[in-house]
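Chains as they are written, first to last, in my numbering: chain A, 76 to 230; chain B, 76 to 230. Inspection log for the structure reproduced underneath, given as structure tokens.
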DNA sequence: CTTCGTGCAAAAGCTTTGCAATGCG
DNA sequence: CGCATTGCAAAGCTTTTGCACGAAG
């Protein structure tokens, strides 16, 4: 084998991921998963298309596979305030944060991806790179906030 | 005056806001500002259009006025993960939060609206209503993170 | 009176849907 | 072999652009 960085893409990992969720293995899914895992930063649908040299994949399929992977928890979505939707690979078991209810004290864990958009915003606007695990976010849980549901309230 | 809730809309406040930023006062700007201030929750462009009974305003103009107001800091944008862009009135002086640099300890203040999208996400997904002021977010500031700019890193 | 803002029409951009052909298991 | 998945074409929906008219200061 030459000294190049590119090992033969047999997509072992990607195959395993699809098998784990009990879904069909197709060339398109393998390649898209692979490209997302290899990407250094979240990709838009067409950046992803561009990253798929071996076999060009129809945009339609890309969107469908992205939705598919999202539903199965293998990708996370990023929605920056300006610009297009982005997607990144999501490791099944990952970092998390905490929603702490101010009234009943309950502590709900949320996946790290919930902060993705905030990260993007703070990076774009202030050049600030968020580095945090177990961020505590105070507020009212679903049960306690019944009388005033989902206000954009700050306090 | 009858006991109804609707005072005659002379748009005093809206006029003052536009005058403060030294921009022209038009019927469209007044009405859009008024509707946003009156709205209980962030509006999409066409919810806004629907809320403008007196004088129907062209969608084009609505978008242009929203951009205009955004540039002048009078509205904030919300970008939920699913669904359309939303806009809400932004009070010129407002709550804020802190970006704390882990390396140099610098503390940068950011407006509360930076959390809007996170709020929306947590509310939609978990029914959790964020209630926080002076949230401390650790990370690396623009100066300190020069060697690894804007990674989606967590640590 | 001069400049800026608006409405209309049309385009642009991204994403989704319908349907027949192909590939997976 | 049966059913899920793909590609292609076309539609859908939100937002943007060009241009001439009209309003603001």
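No residue lacks a Cβ here, since even glycine has one placed at the ideal position from N, Cα and C. Every value quoted in this text rests on a predicted model; they were computed, and no experiment measured them.
- For residue 132 of chain A, no chain B residue has a Cβ inside 7 Å of its Cβ, as the nearest lies near 24 Å away.
- Comparing C-alpha distances from residue 184 of chain B to each of B:140, B:171, B:214, B:192 shows the shortest one belongs to B:171.
- With its beta carbon at least 8 Å from every one in chain A, residue 167 of chain B lies outside the interface.
- Between residue 178 of chain A and residue 215 of chain A, the C-beta spacing is below 8 Å.
- Per DSSP, residue 169 of chain A has no beta-bridge partner at all.
- For residue 134 of chain B, the secondary structure class from DSSP, reduced to helix, strand or coil, is helix.
- Where residue 151 of chain A is concerned, the enclosing beta strand (DSSP E) starts and stops at 150-153.
- Neighbours of residue 150 of chain B in chain A, taken as residues whose beta carbon is under 7 Å from its own, are absent, since the nearest beta carbon is some 12 Å off.
- It is roughly 15 Å from the alpha-carbon of residue 144 of chain B to the alpha-carbon of residue 119 of chain B.
- Taking 8 Å as the threshold, the shortest C-beta distance from residue 154 of chain A to chain B falls below it.
- Among the CB atoms of chain A, one or more fall inside 8 Å of the CB of residue 212 of chain B.
- In this structure, DSSP gives residue 219 of chain A a state outside helix and strand, which the three-state scheme calls coil.
- Close to residue 217 of chain B, with beta-carbon spacing below 9 Å, are these residues of chain A in chain order: 201, 202, 203, 204.
- Excluding residues up to 5 positions away in sequence, 153, 161, 162, 163 lie with their Cβ nearer than 7 Å to the Cβ of residue 117 of chain A in the same chain.
- For the pair residue 123 of chain B and residue 107 of chain B, the CB atoms are nearer than the 8 Å cut-off.
- Look at residue 111 of chain A: its C-beta is not under 8 Å from any C-beta on chain B.
- Shown here for residue 136 of chain A: same chain residues with a beta carbon closer than 8 Å to its own, the five before and five after excluded, namely 103 in chain order.
- Taking CB atoms only, residue 177 of chain B has a neighbour in chain A less than 8 Å away.
- Contact annotation, residue 191 of chain A with residue 151 of chain A: C-beta distance approximately 6 Å; criterion of less than 8 Å satisfied.
- DSSP, reduced to helix, strand and coil, places residue 140 of chain B within a helical segment of the structure shown.
- For residue 213 of chain A, same chain residues with a beta-carbon under 6 Å away, outside a window of 5 residues either side, are 175, 177 in chain order.
- A direct Cα-to-Cα measurement between residue 220 of chain B and residue 182 of chain B gives close to 15 Å.
- Close to chain B, meaning a Cβ-Cβ distance shorter than 9 Å, are the following residues of the region 188-200 of chain A: 189, 190, 191, 192, 193, 194, 195, 196, 197, 198, 199, 200.
- For residue 220 of chain B, the nearest beta carbon of chain A is closer than 8 Å to its own beta carbon.
- The beta carbon of residue 86 of chain A lies closer than 7 Å to those of 105, 109 in the same chain, with the five residues before and after it left out.
- DSSP places residue 207 of chain A in the coil class of the three-state scheme, outside both helix and strand.
- The beta carbon of residue 141 of chain A lies closer than 6 Å to those of 162 in the same chain, with the five residues before and after it left out.
- Listed along chain A is no residue with a C-beta nearer than 7 Å to that of residue 100 of chain B; the closest approach is about 28 Å.
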